[in-house]
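Here the structure is laid out as structure tokens; the discussion comes afterwards.
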Amino acid sequence: MTFRLYDTATREVRDFVPLEEGKAGLYVCGLTVQSEPHVGHVRSAVNFDVLQRWLRHLGYDVTFIRNVTDIDDKILIKSADQGLAWYQLAYRMKRELDQAYDDLNVAPPTYEPAATGHVPEMIVLIEELIAKGHAYAAEDGSGDVYFDVRSWPQYGELTRQRIDDMEAAEDADPRGKRDPRDFALWKGQKVGSEPDTAAWPSPWGKGRPGWHIECSAMAGKYLGPAFDIHGGGVDLRFPHHENELAQSRAAGRPFATYWMHNAWITTAGEKMSKSLGNSLTIPAVLQKYRGIELRYYLVAAHYRSHVEFSFEALDEAAAGFRRIENFLDRAADVLGGIGAHGIACADFVNAMDDDLGTPAAVAAIHEVVREGNKLLGSGDSPALRGNAASVVAMLDVLGLNPADPAWRTGTGGQEEKLLATVDALVAGVLAERSEARAAKDFARADALRDRLHAAGVQLEDTPDGPKWSLS
RNA sequence: GGUGGGUUGGCCGAGAGGCGAGGCAACGGACUGCAAAUCCGUGUACACGGGUUCAAAUCCCGUACCCACCUCCA
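Okay, so the first sequence: first residue is 5 according to our numbering, each after it adds one.
What follows is the structure, encoded as structure tokens:
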């Protein structure tokens with residue numbers, strides 16, 4: 005069976021047929037680094053990370069470009085509010101974002117271009133559009149350059165909207181626009197109100213790039229005029245992706261073959277907007293949950309399904325994931341480690357091939373875990389070996405392998421030392437408890453167990469003796 | 001006004017004409033000194049009203065409610 009994915013442009017699930025056999029070019033709109041990353045931002049990153057991993061698993065040579073928008077109106081406004089240089093704020097938030105990606109085991113893309121580093125490429129593209137009659141410098145002397153939507157009959161093709169049906173922008177400041185729907189490719193510097201560092205020289209005077217042109221220019225630079233998949237959040241369909249498509253095609257570039265959009269995460273029915281409080285920023289959530297648990301929660305829902313975020317649901321997801329982890333721990337104990345070359349089961353592969361059906365893929369993992377738990381009971385080690393390796397292989401595809409070094413917290417081995425220390429202390433208590441049990445002094449044995457439990461240590465009596473874990 | 005998406009059991013969350021995805025929780029059983037973990041079992045859920053069909057959560061028509069986007073929000 006071939007990999008199929010839902011294409012927003014055609015609104016159907018289609019076979020993935022790459023432009024070049026064996027290769028996949030992927031461009032995803034990353035973030036505007038203007039505030040701390042929250043759960044919603046990271047969902048997009050995790051979804052496309054899973055796509056990247058699945059394409060690699062299928063043997064594709066993947067070129068994955070995810071940009072960073074490091075200059076825009078909001079960055080300028082927020083940095084001014086906070087008394088920071090705009091680039092200082094952008095860089096600070098970029099570092100926060102990178103940390104969030106690392107915390108969730110989002111594999112780095114092939115390259116992560118920043119808008120400010122690609123102004124020359126954007127200028128070339130704008131010049132091409134002007135030469136072809138699809139863009140014009142504003143006549144009001146503002147230094148702005150606009151895309152002329154009326155010059156491009158296909159405008160609206162991605163979201164199937166007709167220009168005349170679109171609500172005109174309310175801000176009633178048409179500036180030098182011929183049509184209110186024309187969008188900025190280049191924004192002339194507003195001398196006095198905008199810092200000089202946020203302006204670049206151009207044929208139209210000093211200014212900065214419009215949002216949409218960035219992605220077209222960067223996608224073109226790293227993936228060429230035509231590439232396979234373009235992704236982002238649903239909100240980007242219009243105007244951002246519509247505009248990217250229009251300006252790229254108007255300049256004679258075929259652009260993306262497939263468009264993928266991930267759905268939202270909301271809280272209390274509301275969009276997790278950047279104006280919301282900070283309780284759902286990644287650092288805040290990670291104070292109570294491990295990154296791998298949050299990632300499991302995100303992956304357990306389909307990328308095109310709207311998720312209503314709640315800590316209750318996250319709790320349940322975390323409990324479900326621990327079931328898998330627990331199995332791997334027990335299997336590793338019995339087998340003395342789990343091999344690296346497991347084979348994903350058919351249900352898993354079929355689920356992933358069907359538009360990244362991660363919910364069914366996760367269900368498939370749970371089925372294999374159940375089988376594995378039975379094998380643990382029956383003592384069939386050879387079968388267990390393959391079974392456990394299969395679980396690990398599938399988790400790897402989803403970026404959820406607990407043994408992945410990416411999940412290491414970077415505490416310089418402190419954590420390992422602490423665990424060794426606790427293990428030694430617990431071992432003493434366990435020895436005492438074993439004596440008590442052997443002497444049928446269950447009251448004393450249970451008291452010892454209660455004491456450990458109160459300290460956050462969970463006990464489990466196995467045929468090989470007692471095992472402990474953090475509860 | 002235009003465009004798109006949604007409403008599934010106690011909870012989360014799949015599925016898209018016919019065998020009750022999976023997880024969490026609950027209950028019963030097995031195992032256990034008791035637990036824990038694990039396994040086995042237990043649920044007739046698909047917003048509402050019609051229709052098509054041998055068969056509808058799934059297709060069609062209508063209704064209600066919710067959500068997103070409509071020019072710089074993942």
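Just so you know, even glycine gets a beta-carbon here, dropped at the ideal spot from N, CA and C. Every value quoted in this text rests on a predicted model; they were computed, and no experiment measured them.
Exercise for the section: Measure the CB-CB distance between residue 369 and residue 399 and report whether it falls below 8 Å. Expected result: Reading the first sequence from its first residue, position 365 is the one you call residue 369. Reading the first sequence from its first residue, position 395 is the one you call residue 399. Result yes, Cβ atoms of residue 369 and residue 399 sit closer than 8 Å.
Handout entry: residue 207 and residue 126 closer than 8 Å at C-beta
Key = Position 203 of the first sequence, counted from the start, is the residue given in the question as residue 207. Position 122 of the first sequence, counted from the start, is the residue given in the question as residue 126. Contact: no.
Problem - Test item: CB-CB of residue 1 and residue 403 under 8 Å - result: For residue 1 there is no data in the structure shown, the boundaries of the chain being 5 and 475.
Practice task
Inspect the CB distances between the stretch 373-386 and the stretch 261-273 and report whether three or more fall short of 8 Å.
Solution key: no
Problem - For residue 209, the nearest candidate out of 440, 224 and 149 (CA to CA) - result: One-based indexing of the first sequence puts residue 209 at position 205. Looking at the Cα atoms, 149 is the closest of the given residues.
Handout entry: Straight-line Cα distance separating residue 101 from residue 335
Key = Along the first sequence, read from residue 1 onward, the residue named residue 335 stands at position 331. Along the first sequence, read from residue 1 onward, the residue named residue 101 stands at position 97. Approximately 35 Å, taken between the alpha carbons.
Handout entry: Identified DSSP bridge partners for residue 68
Key = The residue you call residue 68 lines up with position 64 of the first sequence. DSSP lists 30 as partners of residue 68.
Handout entry: Three-way DSSP call (helix, strand, coil) for residue 266 in this model
Key = Here residue 266 refers to the residue found at position 262 of the first sequence. In this structure, residue 266 counts as strand in the three-state DSSP scheme.
Handout entry: Whole-angstrom distance between residue 407 and residue 428, CA atom to CA atom
Key = Within the first sequence, the letter at position 424 stands for residue 428. Within the first sequence, the letter at position 403 stands for residue 407. Between the alpha carbons of residue 428 and residue 407 lies a distance of about 23 Å.
Problem - Close Cβ partners of residue 67 (< 6 Å) along its chain, the five nearest in sequence each way excluded - result: In the first sequence, the residue the question calls residue 67 occupies position 63. For residue 67, where only same-chain residues beyond five positions count, the Cβ hits under 6 Å are 29 and 114.
Practice task
Output the distance between the C-alpha atoms of residue 59 and residue 304, rounded to the nearest integer angstrom.
Solution key: Within the first sequence, residue 59 is the residue found at index 55, counting from 1. Within the first sequence, residue 304 is the residue found at index 300, counting from 1. Cα-Cα distance, rounded: 19 Å.
Exercise for the section: Could you tell me the distance, in whole angstroms, from the CA atom of residue 322 to the CA atom of residue 328? Expected result: Your numbering for residue 322 matches position 318 in the first sequence. Your numbering for residue 328 matches position 324 in the first sequence. Approximately 10 Å between the Cα atoms of the pair.
Practice task
Check whether the stretch 14-33 touches the stretch 217-229, taking contact to mean three or more Cβ pairs, one atom from each stretch, closer than 8 Å.
Solution key: yes
Handout entry: Bridge partners - residue 4, DSSP secondary structure assignment
Key = Residue 4 is absent from the model: the chain starts at 5 and stops at 475.
Practice task
Within the same chain, show all residues whose beta-carbon is closer than 6 Å to that of residue 396, passing over the 5 residues directly before and after it, in chain order.
Solution key: By one-based count along the first sequence, residue 396 stands at place 392. Closer than 6 Å at Cβ, skipping near neighbours: 342, 346 and 405.
Exercise for the section: Could you please give the first and the last residue of the uninterrupted alpha helix (DSSP H) stretch that includes residue 54? Expected result: The count along the first sequence starts at 1 and reaches residue 54 at position 50. Where residue 54 is concerned, the enclosing alpha helix (DSSP H) stretches over 43-61.
Exercise for the section: Can you have a look at residue 291 and say buried or exposed, based on whether 16 or more other CB atoms are within 10 angstroms of its CB? Expected result: Counting from 1 along the first sequence, the entry for residue 291 is found at position 287. Exposed, by the Cβ-count rule.
Practice task
Identify the continuous beta strand (DSSP E) that holds residue 235 and give its terminal residues.
Solution key: Numbered from 1 along the first sequence, position 231 holds the residue referred to as residue 235. Its beta strand (DSSP E) spans residues 230-237.
Exercise for the section: With DSSP as the reference, label residue 426 as helix, strand or coil. Expected result: Numbered from its first residue, the first sequence carries residue 426 at position 422. Helix at residue 426.
Handout entry: Identity of the residue in 391, 357, 473 and 437 nearest residue 62 by Cα
Key = Residue mapping note: residue 62 aligns to position 58 of the first sequence, counting from 1. For the residues 391, 357, 473 and 437, the minimum Cα distance to residue 62 belongs to 357.
Problem - At least 3 beta-carbon pairs within less than 8 Å: the stretch 69-80 vs the stretch 32-46 - result: yes
Problem - Residue nearest to residue 454 in terms of C-alpha spacing, selected from 362, 475, 443 and 46 - result: If you number the first sequence from 1, residue 454 lands on position 450. Of the listed residues, the one whose Cα sits closest to residue 454 is 475.
Practice task
Assess, as a yes-or-no matter, whether the stretch 79-96 is touched by the stretch 128-145 under the definition of 3 or more beta carbon pairs within less than 8 Å.
Solution key: Contact between the stretch 128-145 and the stretch 79-96 is absent: fewer than 3 CB-CB pairs across the two stretches fall below 8 Å.
Exercise for the section: Within its chain, find whatever has a CB closer than 7 Å to the CB of residue 19; leave out the 5 residues flanking it on each side and keep chain order. Expected result: In the first sequence, the residue the question calls residue 19 occupies position 15. Excluding positions up to five away in sequence, the list reads 6 and 8.
Practice task
Jot down the residue ranges of each uninterrupted alpha helix (DSSP H) in the stretch 289-376, minimum 4 residues, whole runs only, in chain order.
Solution key: 295-303, 315-339 and 350-357
Handout entry: Assumed close pair residue 133, residue 254 - CB separation to whole angstroms, cut-off 8 Å
Key = Position 129 of the first sequence holds residue 133. Position 250 of the first sequence holds residue 254. The Cβ separation is near 6 Å, so the contact holds.
Exercise for the section: Note down the Cα distance separating residue 314 from residue 49, rounded to an integer number of angstroms. Expected result: Indexing the first sequence from 1 puts residue 314 at position 310. Indexing the first sequence from 1 puts residue 49 at position 45. Roughly 19 Å separates the two Cα atoms.
Handout entry: residue 416, DSSP secondary structure in three states
Key = Mapped onto the first sequence, residue 416 falls at position 412. Here residue 416 sits in coil by DSSP.
Problem - Environment of residue 199 [buried if 16+ CB atoms lie within 10 Å] - result: Here residue 199 is taken as the residue at index 195 of the first sequence, counted from 1. Answer is exposed; the Cβ neighbour count stays below 16.
Practice task
Give me the Cβ distance between residue 232 and residue 262, rounded to the nearest whole Å; I'm assuming they're in contact under 8 Å.
Solution key: Locating residue 232 in the first sequence gives position 228, counting from the first residue. Locating residue 262 in the first sequence gives position 258, counting from the first residue. Confirmed, about 6 Å.
Exercise for the section: For residue 219, I'd like the list of residues in its chain whose CB is within less than 8 Å of its CB, leaving aside the five on either flank, ordered along the chain. Expected result: The count along the first sequence starts at 1 and reaches residue 219 at position 215. Answer for residue 219: 31, 33, 71, 244 and 248, listed in chain order.
Problem - Own chain, CB closer than 6 Å to residue 367, minus 5 neighbours either side, in chain order - result: Residue 367 sits at position 363 when you count from the first residue of the first sequence. Here the set comprises nothing.
Practice task
Starting from residue 150, follow the beta strand (DSSP E) in both directions and report where the run begins and ends.
Solution key: Locating residue 150 in the first sequence gives position 146, counting from the first residue. Where residue 150 is concerned, the enclosing beta strand (DSSP E) stretches over 149-151.
Problem - Of the residues 76, 104, 105 and 106, the one placed nearest residue 93, counting alpha carbons only - result: Taking the first residue of the first sequence as position 1, residue 93 is located at position 89. Out of 76, 104, 105 and 106, 76 has the C-alpha closest to the C-alpha of residue 93.
Practice task
My understanding is that residue 401 touches residue 430, with C-beta atoms under 8 Å, so please give their C-beta distance in whole angstroms.
Solution key: Reading the first sequence from its first residue, position 397 is the one you call residue 401. Reading the first sequence from its first residue, position 426 is the one you call residue 430. Cβ-Cβ separation between residue 401 and residue 430: approximately 35 Å, too far for a contact (criterion under 8 Å).
Problem - Rounded straight-line distance, which links the Cα of residue 129 to that of residue 156 - result: What you label residue 156 is simply residue 152 of the first sequence in a count that begins at 1. What you label residue 129 is simply residue 125 of the first sequence in a count that begins at 1. Residue 156 and residue 129 have their C-alpha atoms spaced approximately 16 Å apart.
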